[in-house]
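Residue numbers (our numbering): 5 to 72.
Data first, discussion second: the structure below is written as structure tokens.
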Amino acid sequence: MFREDLAAIQRVFDQLCLENRWSRASAPAQHYGRMLIEAYQAGTRDELLLLIAGRSFVSLDSKQRSPA
């Protein structure tokens, strides 16, 4: 990855942390950070699409954890 790639992922990661009130070093932040990197490596390069993907990851996980 190039510096610009990492910067894009970092901006999205920071936004997810802000929205979810996570410390950047927290377990959830690290978990979703890895998911962002995987999405980027799979071809999602647009920052808005990465943010949407990140929000979807969080939303799906929270729905799976909450009782029906």
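Don't be surprised by glycine CBs; every beta carbon is placed ideally from N, CA and C.
Residues of its chain near residue i, where Cβ-Cβ distance is below 7 Å and the 5 sequence neighbours each way are ignored
i: F61; result: Y36 and M39
i: I41; result: I13
i: Q4; result: Look at the range of the chain in this structure, 5 to 72, and you will see that residue 4 is not part of it.
Same chain, Cβ closer than 8 Å to residue i, neighbours up to 5 away in sequence not counted
i: E51; result: A12, R15 and V16
i: D18; result: R28
Per-residue burial, residue i [other beta carbons within 10 Å of its own, 16 or more giving buried]
i: A31; result: exposed
i: A43; result: buried
i: L10; result: exposed
i: A46; result: exposed
i: L22; result: exposed
Start-to-end residues for the alpha helix (DSSP H) that takes in residue i
i: G47; result: Premise fails: G47 is in no alpha helix (DSSP H) and is neither H nor E.
i: A12; result: R7 to N24
6 Å Cβ shell around residue i - same chain, five flanking residues per side excluded
i: N24; result: none
Start-end ranges of the alpha helix (DSSP H) lying completely within the segment 34–69, minimum 4 residues: 51–69
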